[in-house]
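These notes concern the structure reproduced below.
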Ligand code: GLN
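Quick look at the structure:
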């Protein structure tokens, strides 16, 4: 059985109809991992024995007529920065080697404990989620299943490739400036960044608190809607989570889109957008028009400042968040304790953080220091308000905004890693969404000349996940390419 050819909702039907057992599904997940993970490196740790045991237990329960939640034992891949009780969770950083959280994140409680998803392993990511290529992981990069010489995108690269290559059916990522949508776009899967506050961040190891959100990565919009229904909602343990109605997304997606007004922000189609990406996204907009949606031009005048603003804010927050990893409160302490305590801090952090994380701590600390705070951090906060205002104005004219997810398709391993400014620049279309705190969905809309997937981004107004999932679902059905699988999976479209 090729897991990659099935959607989560289809497998749930099959399990219910007793056409397949949960054990068979979990086994095929590990068969795929054994076959291809050596080439793509989606995972950094597995929970094989426990997963197979759980599958047996759930199969027995099913036989006795007892259900176990909405997710029926489906294989679930967790990004290595979402806390899973008594399971190694490292943010793909040496500093957290050996760390096992003593509690589950809110989203794990919901997906695994409450609704019966089976955790099969933790996925590879950029160290502390800082990156767009999954190359800064201390375990080495993840490779794109469409072309293993190319990056998977990042930072949730492993979660995206685990879905694209049929190793898992459900995955979680986190998105601070694009980390769900970028790898979803590069690997041809669906990624959703919810509104800030829609999903509890309790148990998410923080990178930049005012931007971070957890969200689903799946093969189709229906599955993302299903996961969002489960992980959304107020959590008293995260004061930024919002007590607001959670819609029935799996039903909402089926509505027509003939009454929708789509905003097209001209700045998102400017210079630097690869022509294959532009053509494919424009074609997809045409499809939405053929379904009855209308379009209107909108403007986000401060787009050109978003990359600078985003990187200032995220580095400042990161420098503060990562102060806890000193080898005493958190983190693996240096072996060389010959000096004083400050020496020990310096060595611990110097030895165990990678170059990208160190760069961000330096720059963030500098920007926050006395005398520079107003010039950099405060200024960035002011520009952030302007960017937010741009979106508020745009949503007066339209229901959702449509544009590319990434300006380019997956690039070669090693191509940008030594050029941080170029790497940062490719976040231009994703990070404004985090600065404004809005929800956004990425779905595959086509392929370039190298047969690499292209991502289509739908940005929604605050808490309008149902609107963007609806548009995404109707477009996905119309395009009909969401069953196309990378060459390493047999039997795809
Ligand atoms: N690429 C962005 C960065 O490097 C976004 C990362 C993320 O969303 N976690 O910060």
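Numbering (the numbering used here), first residue to last: 14 to 506.
Heads up, the beta-carbon is just placed ideally off N, CA and C, and yes, glycines get one too.
Bear in mind that the values here come from a model prediction, so they are computed numbers and not experimental data.
A straight-line Cα-Cα distance of about 10 Å links residue 78 and residue 71.
With a 10 Å radius around the Cβ and a threshold of 16 neighbouring Cβ atoms, residue 262 comes out buried.
DSSP lists 89 as the bridge partner or partners of residue 132. For the pair residue 34 and residue 358, the Cα-to-Cα distance works out to about 51 Å.
Straight-line measurement puts the Cα of residue 449 at about 5 Å from the Cα of residue 401. Relative to residue 440, the option among 396, 268, 167 whose CA is nearest is 167.
Under the three-state reduction of DSSP, residue 262 is assigned to helix. The count of Cβ pairs closer than 8 Å, one atom from the region 194 to 205 and one from the region 167 to 177, reaches three, so the stretches are in contact. The C-beta of residue 283 has fewer than 16 other C-beta atoms within 10 Å across all chains shown, which makes the residue exposed. A buried status is given to residue 120, since no fewer than 16 other beta-carbon atoms sit within 10 Å of its beta-carbon. In the structure shown, the three-state DSSP call for residue 310 is strand. The C-beta separation of residue 411 from residue 311 comes to about 6 Å, placing the pair in contact by the 8 Å criterion.
Residue pairing from DSSP places residue 457 in a beta bridge opposite 468. For residue 94, the closest alpha carbon among the candidates 193, 326, 136 is that of 136. Across the structure, residue 496 and residue 92 are spaced so that their CA atoms are roughly 24 Å apart. A distance below 6 Å between beta-carbons, with the five flanking residues on each side excluded, links residue 257 to the following residues of its chain, in chain order: 476. The beta carbon of residue 380 is closer than 7 Å to those of 325, 328, 329, 389, 390 in its chain, skipping five residues each way along the sequence.
The C-beta separation of residue 244 from residue 181 comes to about 16 Å, leaving the pair out of contact by the 8 Å criterion. The shortest CA-to-CA distance from residue 323 to any of 298, 377, 346, 340 is the one to 377. In terms of CA proximity to residue 275, 470 leads the group 432, 470, 163.
For the 9 Å CB-CB criterion, residue 197 and residue 418 form a contact.
Contact annotation: the region 479 to 496 does not touch the region 217 to 228, with fewer than three C-beta pairs closer than 8 Å.
Unbroken alpha helix (DSSP H) runs of no fewer than 4 residues, entirely contained in the region 178 to 217, are found at 194 to 200, following chain order. Rounded to the nearest whole angstrom, the C-alpha separation of residue 452 and residue 349 is 46 Å. Residue state for residue 160 is assigned as strand, using DSSP reduced to three classes.
Ranked by Cα distance from residue 25, the first of 15, 123, 84 is 84.
If you draw a straight line from the Cα of residue 285 to the Cα of residue 435, it is about 11 Å long.
For residue 500, there is no enclosing beta strand (DSSP E), as DSSP marks it with neither H nor E. In the structure shown, residue 361 falls within a helical segment according to DSSP collapsed to helix, strand and coil. Sequence-distant partners of residue 396 (beyond 5 residues in either direction) whose C-beta falls short of 6 Å from its own C-beta, in its chain, are 318, 322. Within the DSSP bridge table, the entry for residue 338 names 343 as partners. In the displayed model, residue 231 falls within a strand according to three-state DSSP.
When C-alpha distances from residue 467 are compared across 66, 32, 142, 200, the shortest belongs to 200. Under DSSP, no beta-bridge partner is assigned to residue 433. Judged by DSSP in its simplified three-state form, residue 413 adopts strand.
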